[in-house]
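S.K.: Take a look at this one; I'll ask things after.
Number of protein chains: 2
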Amino acid sequence: MSLKHAVLGLLSESPASGYDLMKLFNASLTNVWPATQSQVYGELGKLTAAGLAEVSAHGPRGRKEYAITREGIAELQHWLAEVPPGGPHRDESLLRVFFLGVLTPLEARTFLLGRAEETARLHAELRRVDEETQWDDDMISVYGRLTLEYGLRMTAAQEEWARWAAEQIDSAKVREASDRVRSRHGLGTGDGPAATARDDGPDDAPAPTA
Amino acid sequence: MSLKHAVLGLLSESPASGYDLMKLFNASLTNVWPATQSQVYGELGKLTAAGLAEVSAHGPRGRKEYAITREGIAELQHWLAEVPPGGPHRDESLLRVFFLGVLTPLEARTFLLGRAEETARLHAELRRVDEETQWDDDMISVYGRLTLEYGLRMTAAQEEWARWAAEQIDSAKVREASDRVRSRHGLGTGDGPAATARDDGPDDAPAPTA
DNA sequence: ACCCGACGTGTCAAGAGTGGAATGTGGGAG
DNA sequence: CTCCCACATTCCACTCTTGACACGTCGGGT
């Protein structure tokens, strides 16, 4: 339901063609609300039909420049101020964590550390954007800055958590529990994907403490 | 693509009927990967057709108990260990922040503080769950605990951010920028949704510092 | 003069997710 | 014994999202 508002929001900054909007999506909204061509063009059509946007100019190669209408602004404001945000976050990474017990503790640990590095990478990327952008005082800049800061804080917290979680796994209890589950399914050497997962002997040896 | 793995993951813990799975989804995965009846039952069908799950028992009222198969386990492991996580987060709240400039600074500030409270509420709820749960050492407990900790950390960071962001808005520059954008669209008293949004005089008076 | 790369629009198929409704049965409370 | 609620499945119609494909055109560099 929110692609509509994303497009309206971008149009509220300045008129744009579908092509322009795609660039904007890829530039500023990639990590917030990704969208594809088909979606954008489709949405522009619906928006126009609904009277929330209109074609404000025709350009060179069939280019249609869309502008937000008064009704569009109203709808945007309505959405921002009155519609209760209720997006149930789906988090694939987290879903994986939940079932990490199906892997060996070693594999699980590796996964978490991988997550940590990935998050760190994203964090660095965001920091780079932050530093390279010259923040002036238009709407996109001001609130874009807030959005970016959010990203910075979240990625930082995520990395911290992932490293902490990896440590948690280095515990005898966890290893026992995992073994129990795995043996319940008759898992041992075979079957599994990465042959890294082997149970060559009791897990008494201390886990490699990186 | 991940509902499939969510179902497989739950089945890997113990066999269950579609009805059971729904309860599990609502109990433990609501904030990670929400799902509806139609989805779950549909997925069970596909899973069975694909040989990743099978009907392991028939119960009282047409009840079909599903169990994960060896292939299912393998697929789950494969997904966990080898498929690179790439979920592009969509965050509706964040999208709103990006366009908050369409509202008055006061409204924007209110929105952010509302977010802060909402997050705080969720945080408290998670803490409650954490304390009330008796964490033993099976897979769901151990990794569920990690997942929960993630939620606790994220909600904490989000609330902090929201309060910080609300403060940021109390700045002359932001107010000017917002006014500029709003006037560009000829906004004043009318039109807008919440009549709270009024520009009765210059915004020189300090914003109410909660 | 020509050609390639950027501009620019559009359609389609398929899968994911939402929300609601229809249908039926078993078992326990009263 | 009866009735109602929890159990349990299935179908439907819709929107959102993805990914690819198809098509046409302006403009500048060689």
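Here the protein sequences come in this chain order: F and W.
Sequential numbering from 1 applies to the first sequence in the numbering used here.
Sequential numbering from 211 applies to the second sequence in the numbering used here.
For each residue, glycine too, the CB sits at the ideal point set by N, CA and C.
Whole angstroms is fine: what's the gap from residue 376(W)'s alpha carbon to residue 167(F)'s?
M.R.: Between residue 376(W) and residue 167(F), the C-alpha separation is close to 35 angstroms.
S.K.: Would you mind giving the Cβ-Cβ distance between residue 227(W) and residue 274(W), rounded to the nearest angstrom? I have them listed as a contact below 8 angstroms.
M.R.: Rounded, the Cβ-Cβ distance is 6 angstroms, consistent with contact.
S.K.: Check each candidate in 329(W), 370(W) and 279(W) and name the one with the smallest Cα separation from residue 85(F).
M.R.: Checking every option, the nearest Cα to that of residue 85(F) belongs to 329(W).
S.K.: Keeping to the same chain, check which residues put their C-beta closer than 7 angstroms to that of residue 155(F); ignore five residues upstream and five downstream.
M.R.: Cβ neighbours of residue 155(F) beyond the five flanking positions: 119, 122, 123 and 126.
S.K.: Give me the Cα-Cα distance between residue 94(F) and residue 153(F), rounded to the nearest whole angstrom.
M.R.: One C-alpha to the other measures close to 18 angstroms.
S.K.: Could you check what DSSP says for residue 268(W) in three-state terms: helix, strand or coil?
M.R.: Three-state result, residue 268(W): strand.
S.K.: Strictly by DSSP, which residues pair up with residue 118(F)?
M.R.: Paired residues: none, contrary to the question.
S.K.: Please return the same chain residues whose Cβ sits closer than 7 angstroms to the Cβ of residue 369(W), not counting the five positions on each side in sequence.
M.R.: Correct list, in chain order: 326, 329, 330 and 333.
S.K.: Report the residue ranges of all alpha helix (DSSP H) runs contained in full by the region 67-124 of chain F; include only those spanning at least 4 residues, in chain order.
M.R.: You should have 70-82 and 92-98.
S.K.: Going by DSSP, what residues sit across from residue 64(F) in a beta bridge?
M.R.: Answer is 58(F), bridged to residue 64(F).
S.K.: With 9 angstroms as the limit, tell me which residues of the region 326-346 of chain W have their beta carbon closer than that to any beta carbon of chain F; keep them in chain order.
M.R.: Per Cβ criterion, the list reads 328 and 346.
S.K.: Mind reading off the beta-carbon distance from residue 147(F) to residue 308(W)? Whole number of angstroms is fine, and I expect it under 8 angstroms.
M.R.: Sure, about 5 angstroms apart at Cβ, within 8 angstroms.
S.K.: Which bits of chain W does residue 147(F) rub up against, with CB to CB less than 8 angstroms?
M.R.: Within 8 angstroms Cβ-Cβ: 304, 307 and 308.
S.K.: Could you pull the start and end residues of the alpha helix (DSSP H) that residue 241(W) belongs to?
M.R.: Run containing residue 241(W): none; DSSP gives neither H nor E here.
S.K.: Check whether the region 25-42 of chain F and the region 66-86 of chain F are in contact - that is, three or more C-beta pairs closer than 8 angstroms.
M.R.: The answer is no - the region 66-86 of chain F does not touch the region 25-42 of chain F, with fewer than three Cβ pairs under 8 angstroms.
S.K.: Please report the straight-line C-alpha distance between residue 323(W) and residue 257(W), rounded to a whole angstrom.
M.R.: Whole-angstrom Cα-Cα distance: 44 angstroms.
S.K.: Using a cut-off of 7 angstroms between C-beta atoms, extract the partners of residue 157(F) located in chain W.
M.R.: Here the neighbours are 363, 364 and 367.
S.K.: Would you say residue 250(W) faces chain F, with C-beta separation under 8 angstroms as the test?
M.R.: Not an interface residue.
S.K.: Is residue 311(W) near residue 142(F), with beta carbons less than 8 angstroms apart?
M.R.: Against a cut-off of 8 angstroms, the Cβ pair of residue 142(F) and residue 311(W) comes out as a contact.
S.K.: Against chain F, with Cβ distances strictly below 8 angstroms, would residue 276(W) count as a contact?
M.R.: No, because no Cβ of chain F sits closer than 8 angstroms to the Cβ of residue 276(W).
S.K.: By the 10 Å Cβ neighbour count, where 16 or more other Cβ atoms means buried, how is residue 338(W) classified, buried or exposed?
M.R.: Label assigned to residue 338(W): exposed.
S.K.: Residue 9(F) touches chain W at which residues, Cβ-Cβ below 8 angstroms?
M.R.: The answer, in chain order, is 305, 308, 309 and 312.
S.K.: Does DSSP put residue 372(W) in a helix, a strand or coil?
M.R.: Three-state result, residue 372(W): helix.
S.K.: How many Å lie between residue 190(F) and residue 280(W) at the Cα?
M.R.: Note on residue 190(F): pLDDT 41, under 50, position unreliable in the model; the coordinate value appears next. About 11 angstroms.
S.K.: In whole angstroms, what separates the C-alpha of residue 408(W) from that of residue 9(F)?
M.R.: With a pLDDT of 39 at residue 408(W), under the threshold of 50, the modelled position of that residue is not reliable, and the figure given next carries that caveat. Their Cα atoms are separated by approximately 21 angstroms.
S.K.: With a cut-off of 8 angstroms, does the C-beta of residue 6(F) fall near any C-beta of chain W?
M.R.: For residue 6(F), the answer is yes, since a Cβ of chain W falls inside 8 angstroms of its Cβ.
S.K.: Give the straight-line distance between the Cα atoms of residue 262(W) and residue 231(W), rounded to the nearest whole angstrom.
M.R.: Each residue's Cα considered, the two are about 16 angstroms apart.
S.K.: What are the residues in the region 228-256 of chain W lying within 9 angstroms of chain F by C-beta distance?
M.R.: Flagged, chain order: 238, 239, 240, 241, 242, 243 and 244.
S.K.: Under 8 angstroms, Cβ to Cβ, is there at least one residue of chain W near residue 165(F)?
M.R.: Closer than 8 angstroms: yes.
S.K.: Does the Cβ-Cβ distance between residue 49(F) and residue 11(F) come in under 8 angstroms?
M.R.: Their beta carbons are not under 8 angstroms apart, which means residue 49(F) does not touch residue 11(F) by this criterion.
S.K.: Considering residue 6(F), what are the terminal residues of the alpha helix (DSSP H) in which it resides?
M.R.: First-last of the alpha helix (DSSP H) with residue 6(F): 3-13.
S.K.: Does any residue of chain F have a CB that is nearer than 8 angstroms to the CB of residue 271(W)?
M.R.: Answer no: the Cβ-Cβ gap between residue 271(W) and chain F never drops below 8 angstroms.
S.K.: Helix, strand or coil for residue 259(W), going by three-state DSSP, please let me know.
M.R.: Correct three-state label for residue 259(W): helix.
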